[in-house]
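Worksheet: one structure, shown below.
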Amino acid sequence: FAVVSVTFICFVQERGALGFERHYHVTDPFIRRLGLEAELQGHSGCVNCLEWNEKGDLLASGSDDQHTIVWDPLHHKKLLSMHTGHTANIFSVKFLPHSGDRILITGAADSKVHVHDLTVKETIHMFGDHTNRVKRIATAPMWPNTFWSAAEDGLIRQYDLRENSKRSEVLIDLTEYCGQLVEAKCLTVNPQDNNYLAVGASGPFVRLYDIRMIHNHRKSMKQSPSAGVHTFCDRQKPLPDGAAQYYVAGHLPVKLPDYNNRLRVLVATYVTFSPDGTELLVNMGGEQVYLFDLTYKQRPYTFLLPKKCHTSGEVQNGKTSTNGVSNGIHLHSNGFRLSEGRAHVSPQVELPPYLERIKQQANEAFACQLWTQAIQLYSKAVQKAPNNAMLYGNRAAAYMKRKWDGDHYDALRDCLKAISLNPCHLKAHFRLARCLFELKYVAEALECLDDFKGKFPEQAHSSACDALDRDINAALFSKSDNAEDKKGGGPIRLRATGRKDSISEDEMVLRERSYDYKFRYCGHCNTTTDIKEANFFGSNAQYIVSGSDDGSFFIWEKETTNLVRVLQGDESIVNCLQPHPSYCFLATSGIDPVVRLWNPRPESETLNGRVVVDMEGASQANQRRMNADPLEVMLLNMGYRITGLTSGGAGGSDDEDSSEGQVQCRPS
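Residue 143 in the UniProt record's numbering sits at position 143 of the sequence shown; the count goes up by one each step and never skips.
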């Protein structure tokens, strides 16, 4: 009995220690003391990929020099260096699970996937089935001899090392859905349920696939008497229903034509799951970093579904009765309508004193036109008081003033939240109409403004209403000769742009069923490379980290989305950020031929010279950079100073009318 008791106590202590470690190994004080510990030198080209082993005592890197190096990062030592046999830049490196860290997989720009035995420093398998650059490799503990690759030929391939074969099988062919020009850029497997595979590719949509459903479908097709010569990679058969789910930031599909006109490319450069598998993080090239909640899903707020998908009977009080997904805007057959009635009004409880002080600080920042500071303070208060309509309404006003990419959509979301909490929130109603207009939903903006005038007749002839009314009518007049109006020509997000870029009916349906993001993280710039990562930092995913084109990497609080730290990680561009599996320890790399290691520095250490003190200035400069002409960016990379890039406000949206009137100009 005593032995059993001691064993049980040890078990409890071990579990408690593990829980403590997982919760506290990355904390706010540690983040604020994060600094450079060491530089690992050994490569002669850009370091494009990093990978920790499961224990965290080994770090593998791959480079333009076609070598992979395995490091002892805790002692800053190079343990092994080998040429991989690739003839071009290495873009991905992965340890094969359950191989005792003996097997390493690499993917490269030569379209090849190589498997290496590190104990003998030999390449033991070479796969050459892709026809374009291989950008990412994914592995899964539940599939110890299996791995996957994503390449710019639009294919996701699956490999099984148990089979004595030099070929792979096509798991997903994106060209069947999106045309011959689509490129797969990244992929990852859910760490808690290895049956789910996330894929990032050309365009704003991120795809989540059920591998088991796909395999079962293919198996049943083979066993069918009518299967004939069908194979595993039969191009004639789409994915089974329910095997794919798409995610997209709700405003991006509508922005695509504008981005295309400005030669601004949207592409998912990195996808990863949270440690518990419930969230999906995406670094969207050409835009921001987005987090999608895989459990509590919501439709995009401005998703123009076909009219047959929504009737007035299907939507009540901002919720779709068919799937329980919050929508917020009712797209009835006659257009835009807000929720009617006051059935779900939440009583406005006074904020506790400490939150009232935060709100007043935010209001003061707003008055001083410090929009980002105001947003961060409002966000901090929203996290503590998520049912306060005034905080959402005020934050919406700050978003609308700042006007970074995606700000008007976040403002729209805040307005709808404020109205759901307080249907009589006058300013939120009006700001909602303005947001719809700025997002190019002109007809919906007009109907929203008409609803506002009916609900608040005393404001119907205010200067703000008159100004917005003029803007809307001018936009409608300018569109009158356009035969491809959003409401007349079908959802703008579903159209193809050319014959080689044709979108199948199956793809259109999957896009129509997309879910929206939960959080958005701003400040970095991701336009120059297509391998830029964003990751969860901390076993409880408390922080978000991302590389940037300005040579820095950015750290945000996950729940508030507030930027808390910016560090200079490269002389040019930070592409890779891989957090240690159990310590507050971060490995980064980019254009420089080195791997940098970061951890909390001692309090006695001298000032960290790599800290970017002016985080707001760095963020603003990156927003300007993302909206700059590509030629200007090229000149900037060459060292030329462009006036349009270094002065003025961040672009990305049309300017608001300056005469806002009393309903919008100040926070409450």
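A virtual CB, placed ideally from N, CA and C, is assigned to each residue, including glycine.
Helix, strand or coil, according to DSSP, for residue i in the structure here?
| i | result |
| --- | --- |
| F452 | helix |
| I259 | Note that residue 259 corresponds to Tyr in the displayed sequence, not to Ile. It is helical. |
| W556 | strand |
| G661 | Low confidence applies here, because G661 scores a pLDDT of 45, under 50, leaving its location unreliable; read the following figure in that light. Coil. |
| Y409 | helix |
| C584 | coil |
| S149 | strand |
| residue 680 | It is not possible to answer for residue 680, since the shown part of the chain is limited to 1 through 668. |
| R207 | strand |
| I591 | coil |
| N327 | Note that N327 scores a pLDDT of 36, beneath 50, so its modelled location is shaky and nothing firm can be said. |
| V509 | helix |
| S668 | coil |
| L36 | strand |
| L370 | coil |
| K135 | strand |
| G335 | At G335, the pLDDT of 41 sits below 50, so the modelled position is not reliable; the number obtained from the coordinates is stated separately. Looking at G335 - three-state DSSP - the assignment turns out to be strand. |
Quick one: Cα of residue i to Cα of residue j, how far?
| i | j | result |
| --- | --- | --- |
| C435 | K219 | 49 Å |
| W371 | M142 | 47 Å |
| D65 | H130 | 21 Å |
| V564 | K380 | 12 Å |
| residue 670 | S81 | A query on residue 670 cannot be resolved here, the shown segment of the chain reaching from 1 to 668 and no further. |
| S326 | Y409 | Caution applies to S326, whose pLDDT of 37 falls short of 50 and renders its modelled position unreliable; the value that the coordinates give is listed next. Those two C-alpha atoms are separated by around 16 Å. |
| R395 | R357 | 15 Å |
| R470 | S463 | 11 Å |
| H217 | L197 | 16 Å |
| V594 | N473 | 56 Å |
| G547 | H67 | 23 Å |
| I214 | P144 | 19 Å |
| I573 | G42 | 19 Å |
| Y159 | K94 | 14 Å |
| S111 | R157 | 12 Å |
| I172 | V113 | 17 Å |
| G498 | A184 | Residue placement at G498 cannot be trusted, given a pLDDT of 48 that sits under 50; what the coordinates show is reported in the next sentence. When rounded, the distance between both Cα atoms is 19 Å. |
| S274 | A249 | 18 Å |
| L432 | P386 | 19 Å |
| S149 | S168 | 10 Å |
| Y270 | K532 | 6 Å |
| K427 | P300 | 22 Å |
Would you call residue i buried or exposed, if buried means 16 or more other Cβ atoms sit within 10 Å of its Cβ?
| i | result |
| --- | --- |
| I211 | buried |
| N190 | buried |
| K55 | exposed |
| C368 | exposed |
| D258 | exposed |
| Q623 | buried |
| E378 | The sequence given here has Tyr at residue 378, not Glu. Classification for Y378: buried. |
| L58 | buried |
| E507 | buried |
| D614 | exposed |
| V120 | exposed |
| P423 | buried |
For a quick check, are the C-beta atoms of residue i and residue j less than 8 Å apart?
| i | j | result |
| --- | --- | --- |
| L412 | L439 | yes |
| V289 | G203 | no |
| I31 | I555 | yes |
| residue 678 | G454 | The chain is shown from 1 up to 668; residue 678 falls before or after that span and cannot be answered. |
| N535 | T139 | no |
| N48 | N89 | yes |
| G523 | S619 | yes |
| S514 | F205 | yes |
| Q298 | D516 | yes |
The beta strand (DSSP E) spanning residue i covers which residue range?
| i | result |
| --- | --- |
| I214 | From DSSP, I214 is part of no beta strand (DSSP E) but of the alpha helix (DSSP H) over 211-223. |
| M126 | 122-127 |
| C576 | 574-579 |
| M142 | Per DSSP, M142 belongs to no beta strand (DSSP E) and is neither H nor E. |
| K78 | 77-83 |
| K94 | 90-95 |
| I503 | Run containing I503: none; DSSP gives neither H nor E here. |
| D466 | Note, D466: premise wrong, no beta strand (DSSP E); alpha helix (DSSP H) at 463-479. |
| A201 | 196-201 |
| T269 | 267-273 |
Can you tell me where the alpha helix (DSSP H) holding residue i begins and where it ends?
| i | result |
| --- | --- |
| Y246 | Taken as a continuous stretch (DSSP letters only), Y246 belongs to no alpha helix (DSSP H), being part of the beta strand (DSSP E) at 244-247. |
| C178 | 175-178 |
| L294 | Counting along the chain, L294 falls outside any alpha helix (DSSP H), and DSSP gives it neither H nor E. |
| N394 | 389-402 |
| L426 | 426-438 |
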